[in-house]
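Position 70 of the sequence shown, counting from 1, maps to 70 under UniProt numbering, and the rest follow consecutively. Here's the structure we're looking at; comments come further down.
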Amino acid sequence: MPIIQHAPSVTSFDFKSPGPPPYTMGSQQLSAPTPAPASNAFVQQPVLPGGYSQTQPQYHMQPQAPLLPSSQGQAQQSHFDQPQHQSPPIPQAYHGMPNMTSQQAQQVQQVIQNMPPEKLQMMQQQAQMMSPQPPPAGQYQPSPPPYQSQQQQPLQRPSFTTTAPSGLFGSKRSSSSGQSGPQDAQQTDKVKRFFGDTLFGRVARSSVSTATSFAKMPLSLSPWGDNNPVTLPNVRYRDAVLFTTFAFVGGPLVDGAADSITSAFGVDSFVSELVNSGAGAIAASTVLKYSVFQIVEQALDKGILEHMLPEEEKMLVTTEVKSLQVGVKHKLMGVDADLRFVGVQPARDSQAIEKGWFCPYLFASARTPSIPRANDFAIAQCFGPLLGGDYHLAHTLLSTSTHTLSLCPSSPTIDLTTNRLLILFTSISPYRATLWSTSRRPGCATLTFHLLSGCPALVLPVLSNAPLVAWSPWTLSQMRDPQSGYSAPVQHEQICEFLDTVVSRLHLSPQVSGRFEDVLARCVSLVVNGALATERCGGVEGMGKVDPARAGVVMFRY
């Protein structure tokens, strides 16, 4: 199959179709609250004949002049509410209850004067709550206490997952409750994980998984995305050491104990290590990194849509392969992945396994996928369970990519009030050799991602209906095989139509929003053509580690 060096036509992609509603983030304008009328904190019911009030007396909190005894021996009249035809009386000191002597009233007043201000304010609040009726308009009203000032209700914020990358560009992210960034959406019981992570527990779980795969094999692919129903347990060198050590004492092979200790003291939910990189080609590739989007704009301004510019051809030449070994930690066991498919149609070959090429990432992180054999699809979407390491993996892949096509600010440190979607071409491989069981470690998914310098990454803002992880079913082996039925324009159209349903046009960069359809089509063509151009880069160091059957276009939300 000849290599496509020009942007595929997008005539079948209808740009005039109405898009989804944009991600509304406008702040709500709340109506100004009507202030409550200033009321006397010491309102009392009308005084009955004889000087006895109908309710319990309320204390006056301001220290006044010394108490004067009554000459008639009658209960002195309170300084509280008076009828409206009388002039407002001057507030006086506390006079006590009618059956209280003057000495007792002086003692109560002295206690009130020595009371802390905080307690006085609290008593004022209690007095205000005990007086439901507002005072008359012509009545004397002291200044309202500070607690009566009503604060405006905070504005309602939309729901989106925060992407603060404190563990990637700053200090390491711990598993404490005060960390920033997304949290795991689901966790399995500790006791179940404790016994399931032992050596015997892993063997038992692999046996159950194998039996389940045998039963589902006629209808779906295996959890690893192939036709092999056997699921081998993850057995490491340390397991042999533990087995020889504890065989004589009869103790269990508890590998989960180390995980419980680290989770108690705090560990990162994601770790990465760059195991291989061609440093000699970094200087040549970084020269073009800052001008990638300018190249796209230049092609659109000149109207060159059927052919590629020389600058684009240079950018799509792979001169370096970066192998990134990642570990996504989790606390899951026996959980099914929430997979949904776009563009479903009857399968051409029910035995084909290419559409499940990215399943090892989900199954290694204890999220069992199920890919139907009877149907083909345009895009596979995974909506959960969410792991905090998924977002940090997207941050790492973005920072490691040589070229980035950003339709919005791509840095996770900039809060767009919405999520972003990273689209790139990559390849995955097991942790050791060719055994995928080595990637399914207890409590941690360990894989190797291979990034090619000639395959740019695309970043755009998305709505809340965007998936956590998505991938295109076409693999690099199908792109190179003329008999596979692969068509670059078809894949280009599938990706563009899917991105048009999840993009948030409200958060696009100003220079992009006016001509979004053309820019998106051009950027997706660069991603696809970068993968097609890898066929002539076989002599590049590191290309031998790229498995064409496990390479394709993948998308991560962050």
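The C-beta atom is built at its ideal place from N, Cα and C for all residues, glycine as well. Quantities reported herein were computed from a predicted structural model and do not represent experimental measurements.
- F383 is not a Cβ neighbour of R432, given a cutoff of 8 Å.
- Taken through DSSP and simplified to helix, strand or coil, D481 comes out as coil.
- In this structure, the CA atom of G356 is about 27 Å from the CA atom of E320.
- A residue is called buried once 16 or more other Cβ atoms fall within 10 Å of its Cβ, and A457 is buried on that count.
- If only uninterrupted alpha helix (DSSP H) runs of at least 4 residues are considered, those enclosed by the stretch 319 to 395 are 359 to 364.
- The three-state reading of DSSP puts M555 in strand, counting E and B together.
- Using a Cβ distance threshold of 8 Å, A445 and S365 count as a contacting pair.
- If you draw a straight line from the Cα of V230 to the Cα of S213, it comes to about 7 Å.
- A contact is defined here as three or more CB-CB pairs under 8 Å, and the stretch 376 to 392 meets this definition with respect to the stretch 320 to 339.
- Judged by DSSP secondary structure, L447 falls within the beta strand (DSSP E) whose first and last residues are C444 to L452.
- Per DSSP, the unbroken alpha helix (DSSP H) holding L526 starts and ends at F516 to L532.
- Bounds of the alpha helix (DSSP H) holding T501 are A488 to V502.
- The secondary-structure analysis by DSSP pairs R432 across a beta bridge with L435.
- Here DSSP, grouped into helix, strand and coil, assigns V462 to strand.
- By DSSP's assignment, L422 forms a beta bridge with V459 and F556.
- Checking the DSSP bridge columns, you'll see L397 has no partner listed.
- DSSP lists C382 and F556 as the bridge partner or partners of V469.
- By the criterion of at least three beta-carbon pairs nearer than 8 Å, the stretch 447 to 467 is in contact with the stretch 490 to 505.
- Minimum Cα-Cα distance from R367 among the listed residues T402, L386, N375 and A374 corresponds to L386.
- As far as DSSP is concerned, S206 takes part in no beta bridge.
- A direct Cα-Cα distance of roughly 21 Å separates A347 from P548.
- Burial check for D415: the Cβ neighbour count within 10 Å stays below 16, so the residue is exposed.
- Looking at F556, L452 and G514, the one whose alpha-carbon comes closest to that of V528 is L452.
- At a Cβ-Cβ threshold of 8 Å, S429 and H450 count as neighbours.
- Taking 8 Å as the upper bound for CB-CB distance, A551 and T426 are in contact here, some 7 Å apart.
- Secondary structure of L405 (DSSP, three-state): strand.
- S102 sits in a helix when the DSSP states are folded into three classes.
- Counted as a single uninterrupted DSSP element, the stretch harbouring S410 is not any alpha helix (DSSP H), since DSSP gives it neither H nor E.
- Close CB contacts of Q478 within its chain, under the 6 Å cut and outside five residues either way in sequence, are with E354, S484 and Y486 (chain order).
- Beta bridge pairing from DSSP links T475 with G552.
- Our two residues, P360 and D226, have alpha carbons roughly 10 Å apart in a direct line.
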